[in-house]
Each structure stands twice: as C-alpha cells, then as structure tokens.
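Protein chains in written order, with the numbering used here: chain Z, 1 to 314; chain R, 315 to 692.
Quick notes on the structure that follows.
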Amino acid sequence: MNAAPDSAVDVRAVSKRFGALAAVDQMSFSVRQGEIFGLVGPDGAGKTTSMRMLASVMRPDTGGILIDGVDVLADPELAKQHVSYMPQRFGLYEDLTVDENIRFYADLFEVPDKVWRERALRLLAASGMTPFGKRLAGQLSGGMKQKLGLTCALVHAPRVLLLDEPTTGVDPVSRREFWQILYALRAEGVSMVISTAYLDEAERCDRLALLHQGRIMYCDTPRKLKQGMPGAIILVTSAQPRPLLEVVQGIDGVEGVLLVGDGIHIHVDDAECRLPQLAQAIAASGQTAGGIRQIEPTVEDLFVALLERRQQTP
Amino acid sequence: MKIRRIVAIGRKETLQVLRDPRSLTIALLLPLMQMFMLGYGVNLDVKHIPLCVLDQEGNQRSQDLLKRFAASRYFDLYKVAASIAEVRHEIDGGACRIAIVVPAGFSRKLVDQGAATVQLLVDGTDSNTATIAAAYAGSVVAAYSGEVQLQAIQRRGGQIQTLTPVAVQARVWFNEDLESSYFIIPGVVALVMAIVGAQLTSLTIAREWERGTMELMVSTPVTPMELMLGKLSPYFVLGLVDAGICLALAVGWFEVPFHGTLPTLFFTTSLFLSVVLCIGYYVSVSIRSQVGASQVALILTMLPTTLLSGFSFPIDQMPALVQDITYLVSARYYVTILKAIFLKGATVSELAVPIFSLTAYAIVLVVLAARAFRKTLD
Numbered sequence: 001m002n003a004a005p006d007s008a009v010d011v012r013a014v015s016k017r018f019g020a021l022a023a024v025d026q027m028s029f030s031v032r033q034g035e036i037f038g039l040v041g042p043d044g045a046g047k048t049t050s051m052r053m054l055a056s057v058m059r060p061d062t063g064g065i066l067i068d069g070v071d072v073l074a075d076p077e078l079a080k081q082h083v084s085y086m087p088q089r090f091g092l093y094e095d096l097t098v099d100e101n102i103r104f105y106a107d108l109f110e111v112p113d114k115v116w117r118e119r120a121l122r123l124l125a126a127s128g129m130t131p132f133g134k135r136l137a138g139q140l141s142g143g144m145k146q147k148l149g150l151t152c153a154l155v156h157a158p159r160v161l162l163l164d165e166p167t168t169g170v171d172p173v174s175r176r177e178f179w180q181i182l183y184a185l186r187a188e189g190v191s192m193v194i195s196t197a198y199l200d201e202a203e204r205c206d207r208l209a210l211l212h213q214g215r216i217m218y219c220d221t222p223r224k225l226k227q228g229m230p231g232a233i234i235l236v237t238s239a240q241p242r243p244l245l246e247v248v249q250g251i252d253g254v255e256g257v258l259l260v261g262d263g264i265h266i267h268v269d270d271a272e273c274r275l276p277q278l279a280q281a282i283a284a285s286g287q288t289a290g291g292i293r294q295i296e297p298t299v300e301d302l303f304v305a306l307l308e309r310r311q312q313t314p
Numbered sequence: 315m316k317i318r319r320i321v322a323i324g325r326k327e328t329l330q331v332l333r334d335p336r337s338l339t340i341a342l343l344l345p346l347m348q349m350f351m352l353g354y355g356v357n358l359d360v361k362h363i364p365l366c367v368l369d370q371e372g373n374q375r376s377q378d379l380l381k382r383f384a385a386s387r388y389f390d391l392y393k394v395a396a397s398i399a400e401v402r403h404e405i406d407g408g409a410c411r412i413a414i415v416v417p418a419g420f421s422r423k424l425v426d427q428g429a430a431t432v433q434l435l436v437d438g439t440d441s442n443t444a445t446i447a448a449a450y451a452g453s454v455v456a457a458y459s460g461e462v463q464l465q466a467i468q469r470r471g472g473q474i475q476t477l478t479p480v481a482v483q484a485r486v487w488f489n490e491d492l493e494s495s496y497f498i499i500p501g502v503v504a505l506v507m508a509i510v511g512a513q514l515t516s517l518t519i520a521r522e523w524e525r526g527t528m529e530l531m532v533s534t535p536v537t538p539m540e541l542m543l544g545k546l547s548p549y550f551v552l553g554l555v556d557a558g559i560c561l562a563l564a565v566g567w568f569e570v571p572f573h574g575t576l577p578t579l580f581f582t583t584s585l586f587l588s589v590v591l592c593i594g595y596y597v598s599v600s601i602r603s604q605v606g607a608s609q610v611a612l613i614l615t616m617l618p619t620t621l622l623s624g625f626s627f628p629i630d631q632m633p634a635l636v637q638d639i640t641y642l643v644s645a646r647y648y649v650t651i652l653k654a655i656f657l658k659g660a661t662v663s664e665l666a667v668p669i670f671s672l673t674a675y676a677i678v679l680v681v682l683a684a685r686a687f688r689k690t691l692d
C-alpha cells in the first residue's frame, strides 16, 4: 500500500443509475488528508448513494474510487480495513448493550484486546457516555445512539471516516458535542466525508460539494462559495415572518426569499440601494418587523440562490 | 477465515437469541407441539374397522361365522342389520367400512354341495383401508371354511392329518408387532427437525436487512463464510436441543424401541441439522424479508420431507422419475438412518451410504449458502 497518498479519497467520474433515475451522475471530487469534506444537498440529491459507494457497500456503474490509495472497485475488502462507515439509519444492534456493540466491531476489525478497551474508554468518556456501558443500545436517545455509532466506527482507528447524515434527528446540544468530537479527530489526522441536509452544518466543513440531482453543482470552501455569490442578503427579523414573504416578493431587485427560524432572508442584487426600499415597503404594509439589516450569506442562502439561477437558465 | 470474527458473530447472535424470549420459546415449543400433532395424527394401522352384519340365514352356522368377525381385533361389530337396505344405509353414511351378508340357505348349501358363498361389501373410498379390510375378512372366512371342511371329512369317517403340509412361519424382524408408529415416529422426528431447523435460520439474515444492521455489517471486512459459520453456531446448539426433545419424546412417550447407540444418533443428527440450517440460511440470504423467508423455508422443508422422504409414502412404490427426485431430498437419508438406528440398531459403518450422501449434501449447501451472500446493497 502507498504510504499516505495526497488524497484520502479520490472520486473519479462515478455514476450510478437505478433504472431510469441517475442517482449519481459523473461525480468527481477528492478529499485531502485530515480534511472534513461535506456532501451537501436536499433529500434525493444522491448523498446516501455516494456514501454507500465510498463505503464499498454499493458498486458504481462507471468511474473509479480510491480510498487512501486503495482502489475500492479492485479490492473492496482491503479498502474496508481503513474505512469506517456510519450509515444514515442506525446500524447497531438495539438488543445489545453499548459495551457489547463496541466489542463486536472491535472483534470484526481484529483490534487487539488491550487497544480497543483503552480506546473505547477514552471515546466513551469524550462523549459523556461512560455511565451507559451496560445500557441496551435501543434504550439510548437519538443523540447517544449517534455517539455510540461514532464510537463503534472509531474503535479500529480508521484513516477515513464516512458519515451519512450523522446528526439528522439529533438535538442541537448533542450536535455541537458531535462536531467537537469530529474536530478532535481531524486534529489526529482522520479524514472525513460527511453528508448533511442541514446547511448550517455544512459551514463547519473544510470544503464542501453542493449536490443537486446526482451532480456536483459547486465544490469549494464555504467561504469561497459564499464570496462567489452575486448580490447580498438582507435579514428581516419578525415573530410572524410568513406574511412578510408576500410583501417583499415582486419588489424590484429581489431575487429570492427564504424563510428562516426568526425571520426572512431576502436575496437582493444590491444591498445599499434596496435596503431602504424594502424597509419602506414593509412599513407601508402594516406588518410588524423587528429589524432590517444586511448579513453575511449562509450556505442555505447560497444554495437557494444557485438553484434559482439554474432554473432561470436551463 | 478468522476465528475471532466467527466467535464475535456467534456471541452476538447468541445474546440476541437469549434476549428474545418469545422466539426462544417458539424454538423450543414448536418441536414439542409438532411431535404430538404429527405423532398422533399420522397412523397407518388398520384396526377396529366398523363392521355391519346381515344374517339372512339366522341359524347356528351363520352365527358361528359372524362371531369370528366380532372376535377379531381388526373388526368392531357396529351394527346388526335387518335388511339389505339397512346395510346400504350404513355403508353410504360412512358409519361402517365393511359389511358381511350371509345369504339364506347358507348352511344347506354348505352341507349339500360342500360350498357356499357369503357377500362382502367394502367401502372403497379409502382404497388402502379397503384392501386391508377385505384381506382380513378373507382370512377370517378362510379359517372358518378350513374347519368346516375338516369336520365334514371327519363326519364321513375319513382319517385326516390335522397338520397343514407346508406352513409358513413368518417372523417380522425389527418391528415385530408391525406397529406403524415404530416406523412413523422416526419419520416424524425427521420432519420436525427439517421444519424447525430451517425456521431457526430463515430469519437470521433477513432480520438484519430489515433492521438496517446489515448495511454496517457489510462495510466491515467480515467474509461471507465467517458470517455464516458465526450465525449458524448458536442455532446449531439450539437445533441439537430440539433434536433432543424430539428423540426423547419418540422413545419416552411414543415408546419406539431404541436399539442403536447415542453417538451414532448424535453424529447423524448433527449432519442432518447442518443441512437444514443451511437451507434456512440460504433462503434468508436470498429473500431479504422475514415473512417471505419464513414461508419459503417452510415450504422447502415440509413438502419434500412429507412427500418424498419415504416417511409417509414408500419410495419403492413411487414412479421411477419421482424415485430419482427423492435422492435430492436430504430428509430421505435421515429417515433411512433414523429408522435403521431405532429399529435395527444400525452402526455408522452399516449406514455408510446415507451418511456419505448427507455429508456431501451438507458440504454442497455450506458452500452454496456462503456464496449466495453478497456484501453489497445492490
């Protein structure tokens, strides 16, 4: 095996069809050593299919995948030695305890007894799971299940970690803890591919690929992607943001509106010129608005803007 | 192949079995129930056939003949009819399977002409029982006419040796009482083992696909052979417990004589168990849903075992083509082996042919079942 190739993951023109549907279409990207790479997109964009092919539990129709220098198609079993995969659906045994699950995966990867025990103690402590060793996995909360999944995935010290929507259905506190663990792993030199439908989470990645209908639309760092976005974002805070949507839609210069938790994001061509215009329109409509100001675009704004542009120029 | 992975999968599977009391209870109760149902349900003995008699003569001689029928353990006198219409009614209604009609003038004909006839009416809807009943009735009548002939000769002052010149002294080996349960029960054991064995493993892979645990399993370096051996090991132990229950019932409850040795029984049972566990596993690998796998496993084991193993229908009376097909039914060998061990006390060397066949069968299935497993989701 090659010693530490430049790319932890190398995906070359991979395609996968299910009947008439092209789930993944000519996908190419590479992940550097020690990088957190995000596959970001809505449901049905091809995230899970991509992750499965990287984990070599599904074979691409065409194209090639190298993981840590190992050709996944030529020798999937060798590739599996260095990879850990966390499927989207909880893949552990709910009728086994936390400790039993960890031991099972340590055995499957033939981790020496002393090594995995020490490692499991450390991992459980890091995720605050130490008191739950004897608890059945099925009785854990969603967040704890994911932390257990991560612990099992890490017990053989993989060089590449594949996480398919690991924080879906997990509470915000557990999500933050989860990401802290991922950052710690990155510091140890573990490379990661993580798929997510949460765009706020995508910003935590070092680089990301925006997926739409099986194709990579853009691939760069979150900052560069946002810089490359034309126009600006204006935030209007409101306790009842929904009626505001109709008010601002159709005003000159407004290219898109996005409903967020505490208000709306308005995508405009130019902030300086449009901001007073919008404030006036909202005041005239009689709707209550807390405040109006320009903000840095989020990945979510970026995604919506990119989709809109794509639809306008088919 | 790594022992550690096999042990890990075996341990995991054992924990899951032990933590699922419902499935465990079914695995242990199913053979018990099936042994009782099939052990009592299948009985090929023809005894106590309900009999109807019509005596149109009504004297000493005719009554003498009819008494012999009533005294036989093959017939139970159910009805003494007064007319031929009544006889017809009994047979049509299914109350009686056989009727004897002694015609008027029976005694006179017997004395004057030295020959008389009685009428035998048999319900032929169940041809097997009808044939046997008619044969029994024939022998009762034959015994009677022999005596009548002897008396007639003696009365005419003739000297006669009362010995039959050539007599058959029949002795049935291995099942001296010709109890059908003695050869049926070992067959029932084979049937129950086939059904239960395949059921045990039919869910094991399908369950992991349904619960989503297989996706993670196939992303590890585990090999199909390791997975299979690990998965089968706890069910092999459970299957041996089931075999113990069945065999203990056969000897302890159904009182089938056991002339063989326990090691022979254990060895051959392990072989057969391996075969049926692999059948269940193969089905589970091929059909990724629990309900479907369970149904297919049931059909694949129960039908051939019932019809083609020689357990209920003798193989040498089947058409040649069907006889050839029975060689593909693993239970055929086990039924042969079990009958031989139970009734003849056969040893491993005497059973070399069926044991070899079963071994070959097991090896082929292990390889097929392991190969059928694909470590991909497509």
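By construction, the Cβ of each residue, glycine as well, lies at the ideal position given by its N, Cα and C atoms.
- Look at Z:Gln88 here: in three-state DSSP terms it is coil, with no helix or strand label.
- If you check the CB distance, Z:Leu211 and Z:Gly64 do not come in under 8 Å.
- Among the residues of chain Z, those whose CB is under 8 Å from the CB of R:Leu691 are Arg52, Val57, Met58, following chain order.
- Taking the Cα of Z:Gln280 as reference, the smallest distance to any Cα among Z:Ile264, Z:Thr298, Z:Ile251, Z:Pro166 is reached at Z:Ile251.
- Below the 9 Å Cβ cutoff, chain R contributes no neighbours of Z:Lys147, its closest Cβ being approximately 15 Å away.
- The Cβ neighbour count for Z:Asn101, taken over all protein chains shown within 10 Å, is at least 16; the residue is labelled buried.
- For R:Phe389, the beta-bridge partners assigned by DSSP are R:Ile363.
- Setting aside the 5 residues that flank it on each side, R:Val502 is surrounded in the same chain by Leu352, Gly353, each with a C-beta closer than 6 Å to its C-beta; the list follows chain order.
- DSSP places R:Val667 within a helical segment (H, G or I) once states are collapsed to three.
- Taking one beta carbon from each stretch, the segment 653-663 of chain R and the segment 585-604 of chain R have fewer than 3 pairs nearer than 8 Å; the two do not touch.
- DSSP, read as helix, strand or coil, puts Z:Ala55 in coil.
- Comparing alpha-carbon positions, the option among R:Ala686, R:Pro548, R:Leu612, R:Asp630 lying closest to R:Leu338 turns out to be R:Pro548.
- Nearest in C-alpha terms to Z:Met51, of all of R:Ser533, R:Val605, R:Ala341, R:Gln348, is R:Ser533.
- Here R:Ser603 carries a coil assignment [DSSP, helix/strand/coil].
- Assignment of R:Tyr641 by DSSP, reduced to helix, strand and coil, places it in the coil class.
- For R:Arg688, the closest Cβ of chain Z is not nearer than 8 Å.
- Z:Thr221 places its beta carbon 8 Å or farther from that of Z:Gly291.
- From the beta-carbon of R:Glu569, no residue of chain Z is found nearer than 8 Å; the closest lies around 42 Å away.
- Using beta-carbon distances, R:Leu552 does not count as an interface residue toward chain Z, since no partner is under 8 Å.
- For Z:Lys134, same chain residues with a beta-carbon under 8 Å away, outside a window of 5 residues either side, are Thr97, Val98, Asp99 in chain order.
- For Z:Ser127, there is no enclosing alpha helix (DSSP H), as DSSP marks it with neither H nor E.
- In the same chain as Z:Val14, and ignoring 5 residues on each side of it, the C-beta atoms closer than 8 Å to its own belong to Val24, Gln26, Met27, Ser28, Ser50, Met53, Pro60, Thr62, Gly63, Gly64, Ile65, in chain order.
- With its beta carbon less than 8 Å from one in chain R, Z:Glu100 belongs to the interface.
- No Cβ-Cβ contact shorter than 8 Å links Z:Gly143 with R:Gly526.
- If you draw a straight line from the Cα of Z:Val247 to the Cα of Z:Glu255, it is about 14 Å long.
- For Z:Asp99, the enclosing alpha helix (DSSP H) has its first and last residue at 98-108.
- With its beta carbon at least 8 Å from every one in chain R, Z:Tyr183 lies outside the interface.
- Residues of chain Z with a Cβ closer than 8 Å to the Cβ of R:Ala322 are, in chain order, Arg103, Phe104, Asp107, Leu108.
- Following the DSSP letters along the chain, one finds Z:Val173 inside the alpha helix (DSSP H) bounded by residues 172-187.
- Using a Cβ-Cβ cut-off of 8 Å, Z:Pro112 does not count as an interface residue toward chain R, since no Cβ of chain R sits closer than that to its own.
- Here Z:Ile251 carries a coil assignment [DSSP, helix/strand/coil].
- About 15 Å separates the CB atoms of Z:Val70 and Z:Val193; that is not less than 8 Å, and the two are not in contact.
- Under a 10 Å Cβ-count criterion, R:Tyr496 is classified as buried, with 16 or more other Cβ atoms of the shown protein chains found around its own Cβ.
- With respect to chain Z, the C-beta atom of R:Pro535 has a partner C-beta closer than 8 Å.
- In the structure shown, R:Tyr549 adopts helical secondary structure according to DSSP, grouped into three states.
- In this structure, the straight-line span from the alpha carbon of R:His403 to that of R:Ile499 is close to 37 Å.
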